[in-house]
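>
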Amino acid sequence: MDKLSWVEQDKNGRDYTIEFHRISDEAGFWALVAQIRSIYSEIFISSSDEEPVMLCENKLKRLWDDIRDCKPMIFIAKNAENKALGYALFLCEAPEYYEETAVLEQLAVASEFRELGIGKKLIFSILKVMPDMGYIALHTHISNYIAQDMYERLGFQRFESEDSEIVDFVYKIKFKNERT
Numbered sequence: 119m120d121k122l123s124w125v126e127q128d129k130n131g132r133d134y135t136i137e138f139h140r141i142s143d144e145a146g147f148w149a150l151v152a153q154i155r156s157i158y159s160e161i162f163i164s165s166s167d168e169e170p171v172m173l174c175e176n177k178l179k180r181l182w183d184d185i186r187d188c189k190p191m192i193f194i195a196k197n198a199e200n201k202a203l204g205y206a207l208f209l210c211e212a213p214e215y216y217e218e219t220a221v222l223e224q225l226a227v228a229s230e231f232r233e234l235g236i237g238k239k240l241i242f243s244i245l246k247v248m249p250d251m252g253y254i255a256l257h258t259h260i261s262n263y264i265a266q267d268m269y270e271r272l273g274f275q276r277f278e279s280e281d282s283e284i285v286d287f288v289y290k291i292k293f294k295n296e297r298t
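Residue numbers are given in the numbering used here: position 150 of the sequence shown equals residue 268, and the series is strictly consecutive.
(1) Can you check DSSP and say which residues form a bridge with Pro190?
(2) According to the neighbour-count rule (16 or more other Cβ atoms, all chains shown, within 10 Å of its Cβ), is His139 buried or exposed?
(3) DSSP beta-bridge partners for Lys121?
(4) Going along the chain, which residues of its own chain have a beta-carbon closer than 7 Å to the beta-carbon of Leu234, five neighbours each way excluded?
(5) Using the Cα positions of Ile192 and Tyr215, report the straight-line distance between them to the nearest angstrom.
(6) Mind checking whether Val221 and Leu207 have CB atoms under 7 Å apart?
(7) For Glu278, which of helix, strand or coil comes out of DSSP?
(8) Lys292 by DSSP, collapsed to three states: which one?
(9) For Ala220, does the three-state DSSP call read helix, strand or coil?
(10) With H, G and I counted as helix, E and B as strand and the rest as coil, what does DSSP make of Asp267?
(11) Count the other CB atoms, across all protein chains shown, that sit within 10 Å of the CB of Val227; report buried if there are 16 or more and exposed otherwise.
(12) In the structure shown, what three-state DSSP assignment does Thr298 receive?
(13) If we call anything under 7 Å between Cβ atoms a contact, is Ala195 one with Ile136?
(14) Would you mind stating whether Ile236 and Gly204 have Cβ atoms separated by less than 7 Å?
(15) In the DSSP assignment, find the unbroken beta strand (DSSP E) run with Ala255 in it and report its ends.
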């Protein structure tokens with residue numbers, strides 16, 4: 119598992135670190151999950167679920183099965199106390215996308231650290247480690263208006279999903295000229 123880190127500042131001028139990790143195996147995945155589990159649970163597990171811990175584990179196992187062959191990378195924002203503030207999980211070889219496209223699989227920022235620019239820095243961190251990346255693509259649920267607004271403010275363009283079974287939007291942002 120490769121690791122790299124750098125310091126950023128939030129909108130209030132507080133320093134935090136962004137750590138980059140290339141996930142190469144299941145053990146590395148679970149080691150990183152231990153760092154982000156509380157954020158993942160807050161965002162992706164409903165408090166009304168009967169067995170939230172088991173549901174969280176099952177969802178994470180399915181996530182690993184879905185991403186392991188797609189060159190996953192994760193960026194984790196941490197404060198001075200080493201507490202995870204948020205993370206961005208990218209897939210750099212997703213079969214349904216073109217080369218030079220990083221797919222933002224998950225973005226999550228703990229509720230108490232939102233509106234500070236951390237999500238934006240996490241999204242664009244991919245360009246620090248892969249400067250030749252041409253696009254960032256992502257999917258968001260049709261009812262996730264907050265995410266849609268954020269992505270559009272960041273310059274992403276919205277496309278209707280080609281999969282009529284899924285009620286979501288595809289967003290893409292271009293970083294360099296397309297090759298012919």
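Just so you know, even glycine gets a beta-carbon here, dropped at the ideal spot from N, CA and C.
On the basis of the data shown:
(1) To locate residue 190, count along the sequence shown from 1; it is residue 72. Answer by DSSP bridge pairing, in chain order: Leu209.
(2) Residue 139 sits at position 21 when you count from the first residue of the sequence shown. Buried, since its Cβ has 16 or more Cβ neighbours within 10 Å.
(3) What you label residue 121 is simply residue 3 of the sequence shown in a count that begins at 1. In DSSP, Lys121 forms a bridge with His139.
(4) One-based indexing of the sequence shown puts residue 234 at position 116. Closer than 7 Å at Cβ, skipping near neighbours: Asp128, Lys129 and Asn130.
(5) Along the sequence shown, one-based indexing puts residue 192 at 74. Along the sequence shown, one-based indexing puts residue 215 at 97. Distance between the alpha carbons of Ile192 and Tyr215 is about 19 Å.
(6) The count along the sequence shown starts at 1 and reaches residue 221 at position 103. The count along the sequence shown starts at 1 and reaches residue 207 at position 89. Contact flag unset, no.
(7) Within the sequence shown, residue 278 is the residue found at index 160, counting from 1. Strand, per DSSP.
(8) The sequence position of residue 292 within the sequence shown is 174, counting from 1. If DSSP states are grouped into helix, strand and coil, Lys292 belongs with the strands.
(9) Numbered from 1 along the sequence shown, position 102 holds the residue referred to as residue 220. If DSSP states are grouped into helix, strand and coil, Ala220 belongs with the strands.
(10) Locating residue 267 in the sequence shown gives position 149, where the first residue counts as 1. Helix.
(11) On the sequence shown, residue 227 is found 109 positions in, with the first residue counted as 1. Buried, because 16 or more other Cβ atoms sit within 10 Å of the Cβ of Val227.
(12) In the sequence shown, counting from the first residue as 1, residue 298 sits at position 180. Residue confidence for Thr298 is low, a pLDDT of 32 falling below 50, so the modelled location carries little weight and cannot support an answer.
(13) To locate residue 195, count along the sequence shown from 1; it is residue 77. To locate residue 136, count along the sequence shown from 1; it is residue 18. Against a cut-off of 7 Å, the Cβ pair of Ile136 and Ala195 comes out as a contact.
(14) Your numbering for residue 236 matches position 118 in the sequence shown. Your numbering for residue 204 matches position 86 in the sequence shown. Yes, the pair counts as a contact, with Cβ atoms nearer than the cut-off.
(15) By one-based count along the sequence shown, residue 255 stands at place 137. Counting along the chain, the beta strand (DSSP E) containing Ala255 begins and ends at Tyr253 to His259.
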